Structure formats: C-alpha cells, structure tokens
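Its first residue numbered 60, the sequence shown is counted upward by one per residue in this note's numbering.
Every residue, glycine too, gets a C-beta built ideally from N, C-alpha and C.
None of the values given here were measured: they were computed from a predicted structure.
Below is one structure, written out as structure tokens, with a few remarks after it.
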Amino acid sequence: MRNVLTGLAAARREGRPYGIASVCSAHPVVLRAALRRAAKSGGPVLIEATCNQVNQFGGYTGMTPADFVAFVEKIASEEGARREQIIFGGDHLGPNPWRKEPAEIALKKAADMVEAYVAAGFGKIHLDASMGCAGEPVALDDHTVATRAAALCAVAERTAAAAGLSAPVYILGTEVPIPGGADHALDVVEPTAPEAARETIAVHRDAFAKAGLADVFARVIAFVVQPGVEFGSDNVIAYDPPRAAALSDLLAEEPGLVFEAHSTDYQTEEALAALVGDGYPILKVGPGLTFAYREALYGLDLVATELVPGYGERSLAKAMEALMLAKPGYWSGYYHGDETDLRVQRHFSYSDRIRYYWTQSEAETAVQRLLTALDGVRIPETVLHQYLPNIVPAEIEAVEDVLVTAVDQVLAVYDSAAAGR
C-alpha cells in the first residue's frame with residue numbers, strides 16, 4: 060500500500076494526480092472511523108502520530124510508537140481492516156519535545172525516538188530538526204537543519220536494515236503553522252516563497268550527499284511547505300490557487316517530489332481537490348476530525364437533555380467546562396479575550412484544544428454517562444434533525460454510531476477530493 064505515496068509525483072507529472080488524507084489523531088473514535096472506512100473501501104489509510112503525542116517516553120498520550128501501532132491494529136481488527144492497508148507516519152520527528160535541553164541531549168533523544176518509530180513499523184517519516192535547542196536561535200539556518208535531518212535519517216536507515224524492514228520514505232522541510240492552528244485571528248497566510256523552497260530542497264540534497272545518503276534522498280517523496288492554508292481560533296484561510304501558483308510551478312524542477320500540506324482542516328472539498336491537483340496531495344487533517352467528534356457529542360448532550368429524565372441540562376458540556384477550568388494548561392496560552400470569549404473558544408474553537416481533554420478520566424466518565432443515558436433510547440427523527448441535522452437516522456444502529464458517522468463525514472470529503480481525476 061505504500062506505493063500510493065511513492066506514486067504521487069509520477070501521477071501528477073502524467074496528468075492524473077491523486078492524493079491521500081493523513082489522519083493525524085490518536086483519538087479512538089477518529090481512528091475507528093478511518094479504519095472502518097478503509098475496511099469498506101479496501102484502500103490504504105494513512106495514520107500519523109506526532110513527536111509530542113507519541114514517543115519513546117510515552118508523549119502526552121502515554122503511548123510509545125510500538126504502543127500506538129498496537130492500539131491502531133486492535134481497532135483495525137475490530138473493524139475488519141487489514142494490517143497491510145495501514146500506512147503509519149511519524150510527524151515532526153526531531154528534537155522538538157526536548158528543545159529546552161542542550162542540543163546534544165535533545166538530538167540524542169530525537170535519534171532514539173526515530174529509532175523507536177522505525178522499529179515499530181512506521182514507514183513514512185517526517186524529519187524535522189528546524190527548532191533551536193537551549194542556547195540556540197529559535198529558528199535555525201537551512202544548513203544546520205538539513206545536517207541534523209540527515210543524521211536522523213541515518214538512524215532510520217540503520218534501524219530499518221537491522222530489523223529487516225522495508226526502507227522508509229521521507230518527508231523533509233518544516234514551513235508549517237503552529238501545530239493545531241494559529242492562536243490568533245488571521246487575515247491572510249503567505250505561501251512559501253519558491254526561492255526559499257528551492258534553497259531548502261538543494262541544501263537538504265547536499266547534506267544527504269555529504270552524509271553518504273545520496274541514494275536515500277531518492278526516497279524523499281515530499282517537502283513540507285505553506286501553500287497558504289491555515290485556521291485560527293474562529294476563522295479559516297481558504298486555499299487560493301493563484302497565490303500558490305509560483306510555488307506549485309517549482310515542482311516542474313523536481314519531478315520526483317510533491318509538497319505536503321499541513322493544517323488543511325476545514326477546507327472545502329473544492330479547495331482540497333485543488334491542493335491535490337496543484338502538487339500538495341498529502342492532506343494533513345487532525346483538529347477538524349476531533350472538532351466533528353465534539354460537535355456530535357454536544358449534539359447528543361442536547362438530545363439527552365430533551366429526552367432522558369434526570370440527565371440534567373447539557374451535563375457533558377458542563378463537565379468539560381469544569382475540567383478545562385480546573386486544568387487550563389492545554390488552552391490558556393492559546394485563547395484570548397474576555398470571559399465570554401474564552402468560554403466560547405474552550406468549547407467551539409477551530410483549534411479544538413478541547414481534544415486534549417477527552418482522554419482524561421473526568422471527560423471519559425462524562426462521555427460514558429451520556430452514552431449510557433441514551434443507550435436504547437429511541438431518538439425521534441425530528442429531535443435528531445434539530446441537534447444533529449447531518450446525521451441520517453437510517454445509518455444509526457447504536458448511539459456510538461453517531462460519533463463515528465460524524466467523523467466519517469469529514470473523511471468522506473477528503474477521500475472525494477483525493478480521488479483525483
């Protein structure tokens with residue numbers, strides 16, 4: 060299934076571009092929706108974990124790369140998806156989780172993380188050594204970034220060879236927005252300048268050659284650039300093809316490459332299809348999926364308020380508000396405004412920083428209480444239409460199906476846009 064990635068550049072050159080959604084989430088409902096869709100289609104599914112989310116120390120999910128693979132494989136088995144359909148990707152693998160430590164220490168930990176990812180079976184590796192460590196500039200020069208990326212690549216190559224695994228494919232470059240979206244309102248986002256992208260590619264190619272990895276560079280399938288898409292807390296910058304045309308044209312000079320687009324969440328199907336056609340066929344999506352999950356949960360919260368005696372009024376939303384106020388670390392530095400603004404953002408922001416709370420025990424208890432309250436309850440079509448108008452009653456056998464369906468509706472947009480022409 061990995062040839063779906065290695066074939067992206069050739070397909071575009073030949074005038075038959077296609078793309079693939081990159082599901083960047085560790086949420087079990089999101090993963091279930093993606094794997095259920097893969098089981099039905101029989102096609103590949105690309106699932107990615109980030110360096111902060113999953114690493115050799117557990118990350119914020121508590122999972123190592125091997126744990127994450129096992130977690131996904133278990134859900135795949137339950138949904139009937141075959142292991143060979145799943146492409147595992149590692150995102151932003153580099154010193155970022157340890158950037159406050161000296162470079163020598165942070166890069167050693169980054170190397171160990173890359174080793175753990177590759178050994179666990181991750182075959183798409185995004186190497187990102189762009190951030191400065193303790194005592195270094197926040198943003199490093201291209202030469203330093205590329206040299207460090209090449210060193211991490213050498214670790215990945217040795218690990219794959221020692222384990223008898225297929226050699227990974229690589230993503231390089233890092234001109235991406237703040238993970239999870241910008242923390243302020245946006246009017247416009249400038250695409251990467253073509254000359255900057257050209258220089259980044261050249262410097263990395265040279266660094267790989269100097270590290271004895273010239274042949275490995277042939278397995279670099281994409282560079283991360285900014286095509287001009289982004290989302291803030293309450294607005295989305297839509298893809299504007301003419302503004303990114305010069306950047307797209309650069310691919311004519313690099314026939315073996317495509318670009319990877321981060322933060323494509325909340326783009327329309329038309330915009331996503333245009334991204335695919337213009338050379339940005341790897342479409343990263345994460346917060347947009349958990350946003351749909353939260354919308355569905357809050358819709359069910361209102362349904363239970365209407366239909367279940369004793370449930371209370373919006374009990375789930377109230378529980379989540381109490382949890383986020385008690386533990387503000389995941390949102391307090393990202394949302395701004397007065398108390399009303401902050402409350403609205405905590406629950407409804409496109410940045411969806413509420414996603415960090417769903418796996419906490421208080422949230423899990425509140426979600427389970429909601430699902431239990433609605434278990435076996437007949438939801439009148441009129442009530443469903445009021446609070447969850449995009450859910451078709453005939454598709455719902457159990458209340459949990461509402462959540463999976465809500466996420467699947469977003470994935471369906473990506474799959475349609477990625478189908479190519």
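Can you tell me which residues form a DSSP beta bridge with residue i?
i	result
MET190	ALA198
GLU289	ILE296
VAL367	BP columns for VAL367 are empty, so no partner.
ALA209	Beta-bridge pairing links ALA209 to no other residue.
LEU224	According to DSSP, which records beta bridges pairwise, LEU224 is partnered with nothing at all.
TYR229	ILE184 and VAL279
GLY392	In the DSSP output, where bridge partners are listed per residue, GLY392 has none listed.
ALA69	BP columns for ALA69 are empty, so no partner.
GLY149	ALA108 and ILE184
ALA80	LEU342
VAL469	Per DSSP, none; premise fails for VAL469.
VAL214	Paired residues: none, contrary to the question.
VAL403	Answer by DSSP bridge pairing: none, since VAL403 is not bridged.
Taking buried to mean at least 16 other C-beta atoms within 10 Å of its own C-beta, is residue i buried or exposed?
i	result
GLU174	buried
THR441	exposed
PHE318	buried
ALA422	buried
ALA221	exposed
GLN427	exposed
THR142	According to the sequence shown, residue 142 is Arg rather than Thr. Exposed: under 16 other Cβ atoms inside 10 Å.
GLY187	The residue asked about is misnamed: residue 187 is Asp in this sequence, not Gly. Classification of ASP187: buried, given that the 10 Å Cβ count is 16 or more.
CYS247	According to the sequence provided, residue 247 is Val. The question's Cys does not apply to it. Burial call: exposed.
LYS133	exposed
PRO196	exposed
LEU384	exposed
PRO124	buried
THR349	buried
HIS263	buried
PRO286	buried
Return the CA-CA distance between residue i and residue j, expressed in angstroms with no decimal places.
i	j	result
GLY483	VAL177	The chain is shown only over 60 to 480; residue 483 falls outside these bounds and no answer can be derived.
ASN294	TYR409	7 Å
LEU382	CYS83	24 Å
VAL71	GLY336	In the sequence as displayed, the identity of residue 71 is Arg instead of Val. Approximately 7 Å between the Cα atoms of the pair.
ILE455	PRO300	38 Å
VAL472	ALA281	23 Å
THR314	LEU430	Looking at the sequence itself, residue 314 is Pro, so the reference to Thr does not match. Distance between the alpha carbons of PRO314 and LEU430 is about 51 Å.
PRO103	ILE146	7 Å
LEU199	SER189	6 Å
ASP474	GLN468	10 Å
TYR298	LEU334	8 Å
ALA241	HIS185	Bear in mind that the predicted position of ALA241 carries a pLDDT of just 49, short of 50, making it too unreliable to give a figure here.
PRO250	LEU67	21 Å
GLU258	ASP360	51 Å
TYR325	ARG402	21 Å
VAL367	GLY435	11 Å
ALA477	GLY371	43 Å
ILE438	PHE267	59 Å
LYS99	ASN155	37 Å
ALA500	ALA93	Residue coverage of the chain in this structure runs from 60 to 480, which leaves residue 500 outside it and unanswerable.
TYR229	SER136	28 Å
PHE116	LYS167	13 Å
HIS406	THR120	21 Å
PRO87	PHE130	9 Å
LEU470	GLY194	42 Å
VAL89	GLY291	22 Å
ALA255	GLU365	56 Å
ALA253	LYS159	The sequence given here has Pro at residue 253, not Ala. The straight-line gap from Cα to Cα measures roughly 31 Å.
GLY118	TRP417	16 Å
PRO76	VAL63	11 Å
ALA170	LEU211	6 Å
LEU316	ALA332	18 Å
GLU329	SER322	16 Å
THR399	TYR393	15 Å
ALA165	VAL458	45 Å
ALA378	PRO161	40 Å
ARG95	ALA273	39 Å
PRO238	VAL344	Residue confidence for PRO238 is low, a pLDDT of 43 falling below 50, so the modelled location carries little weight; the figure read from the coordinates is stated next. Approximately 11 Å between the Cα atoms of the pair.
LEU312	ALA453	It should be pointed out that residue 312 corresponds to Glu in this sequence rather than to Leu. When rounded, the distance between both Cα atoms is 51 Å.
SER374	VAL362	11 Å
The stretch 110-129 / the stretch 146-153 touching (three or more Cβ pairs under 8 Å): yes
Continuous alpha helix (DSSP H) assignments of at least 4 residues falling wholly in the stretch 408-463: 420-433 and 440-446
Length at least 3, wholly inside the stretch 151-187: the beta strand (DSSP E) runs in chain order: 183-186
Cβ contact (3+ pairs, closer than 8 Å) linking the stretch 381-396 and the stretch 447-466: no
Three or more C-beta pairs below 8 Å linking the stretch 347-365 and the stretch 455-472: yes
Inside the stretch 299-386 only - beta strand (DSSP E) runs reaching at least 3 residues: 317-320 and 341-344
Given 8 Å, three or more beta-carbon pairs between the stretch 214-222 and the stretch 193-206: no
Cβ contact check for the stretch 336-349 and the stretch 301-313: 3 or more pairs under 8 Å: yes
Whole runs of the alpha helix (DSSP H) within the stretch 112-139, excluding any shorter than 4 residues: 124-138
Sufficient close CB pairs (3 or more, under 8 Å) joining the stretch 274-292 to the stretch 222-236: yes
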